[in-house]
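Asker:
Residue numbers (my numbering): 7 to 125.
(1) So what does DSSP say about residue 62, is it helix, strand or coil?
(2) Using the beta-carbon count (16 or more within 10 Å), is residue 76 buried or exposed?
(3) So, at 8 Å on beta carbons, what are the nonlocal neighbours of residue 89 in its own chain, with the 5 sequence-adjacent residues on each side left out?
(4) Classify residue 75 as helix, strand or coil using the three-state DSSP reduction.
(5) Can you tell me which of the three DSSP states residue 108 falls into?
Shown next as structure tokens:
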């Protein structure tokens, strides 16, 4: 089983911790590998209560794998059947809530997958 080393930006520490926990469970359940947390204890404990974040820039979209995680079709580079859809694909945070853009891109991806699977 392969180990996965994951790097986080600490702009949203509590959500990063939650994301890391979900990823660790998913990797373990799928048999893809293990997610190992090498962060010092307590590094994620500085989140104010009732504060929410949007992860952005962690799975950037780019035409070339060297500069991004997913291609223009939201597909992870070098993987045939794994897609990501969310604000993590944005290179940076904009000045407004990203929800409508996320929904529009999710609908676009759903249409592409539907076409791919049923044609």
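We put the beta carbon where it would ideally sit given N, CA and C, even for glycine.
Answerer: According to the structure data:
(1) Translated into positions along the chain shown, residue 62 becomes position 56. In the structure shown, residue 62 sits in coil (DSSP, three-state: anything other than H, G, I, E or B).
(2) Along the chain shown, one-based indexing puts residue 76 at 70. Burial is judged here by how many other beta carbons sit within 10 angstroms of a residue's own beta carbon; residue 76 has at least 16 and is buried.
(3) Looking up residue 89 in the chain shown gives position 83. For residue 89, same chain residues with a beta-carbon under 8 Å away, outside a window of 5 residues either side, are 76, 79, 80, 81, 82, 115 and 119 in chain order.
(4) Taking the first residue of the chain shown as position 1, residue 75 is located at position 69. Residue state, collapsed to three classes: coil.
(5) For this step, residue 108 is matched to residue 102 along the chain shown. Helix.
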